[in-house]
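Visitor:
Residue numbers (my numbering): 52 to 193.
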């Protein structure tokens with residue numbers, strides 16, 4: 052089985068550019084990175100599917116080894132649909148964020164930065180979980 056080197060290079064470039072865009076602060080670039088990684092993974096599945104062959108409905112007199120495996124094609128089709136749905140959801144989140152804050156960039160929360168740096172410790176009452184301390188009334192748990 053020979054794999055086209057051009058397809059491998061394109062797949063690696065798509066995934067590398069997608070990872071770079073995912074690490075950006077702009078939500079639009081995050082969505083573009085997600086789409087690039089999705090296309091790169093689809094190309095990976097196509098490459099790993101094996102060499103091109105005939106469709107299973109082509110001719111009944113052919114050797115079964117000459118047929119193309121339909122499973123990678125089905126996986127790619129499913130991945131395309133899932134990528135489209137997640138992208139539409141992410142675009143709706145970006146639109147809502149833009150309408151609320153008029154900004155596309157994410158900002159650091161001061162409390163999270165303080166916790167990361169170790170300058171502020173989380174209080175013990177927030178760390179421990181009390182089973183009786185819930186937002187639901189006792190009657191609802193029955």
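Here a beta-carbon is modelled for each residue, glycine too, at the ideal position from N, C-alpha and C.
Keep in mind it's a predicted model, so treat the numbers as computed, not measured.
1) Just mark residue 101 as buried or exposed, buried being the case when its beta carbon has 16 or more other beta carbons within 10 Å.
2) Buried or exposed for residue 58, please, with buried defined as at least 16 other CB atoms from any protein chain shown within 10 angstroms of its CB.
3) For residue 93, count neighbouring C-beta atoms within 10 Å of its own C-beta (all shown protein chains included) and say buried if the count is 16 or more, exposed if not.
4) In the DSSP assignment, find the alpha helix (DSSP H) that holds residue 124 and state where it starts and stops.
5) Three-state secondary structure (DSSP) at residue 159?
6) Take the Cβ of residue 62 as the centre, count every other Cβ of all protein chains shown within 10 Å, and call the residue buried at 16 or more, exposed below.
7) Contact between the segment 135–152 and the segment 78–98: three or more CB pairs below 8 Å?
8) Inspect the beta-carbon positions of residue 117 and residue 105 and report whether they are closer than 8 Å.
9) Between the alpha carbons of residue 96 and residue 70, how many angstroms are there, rounded?
10) How far does the alpha helix (DSSP H) with residue 85 in it extend, from its first residue to its last?
Guide: Per the coordinate set shown:
1) exposed
2) exposed
3) buried
4) 121–152
5) coil
6) Its Cβ being crowded by 16 or more others within 10 Å, residue 62 is buried.
7) Three or more Cβ pairs closer than 8 Å define a contact, and the segment 135–152 meets that threshold against the segment 78–98.
8) Going by C-beta atoms, residue 117 is nearer than 8 Å to residue 105.
9) 18 Å
10) 78–99
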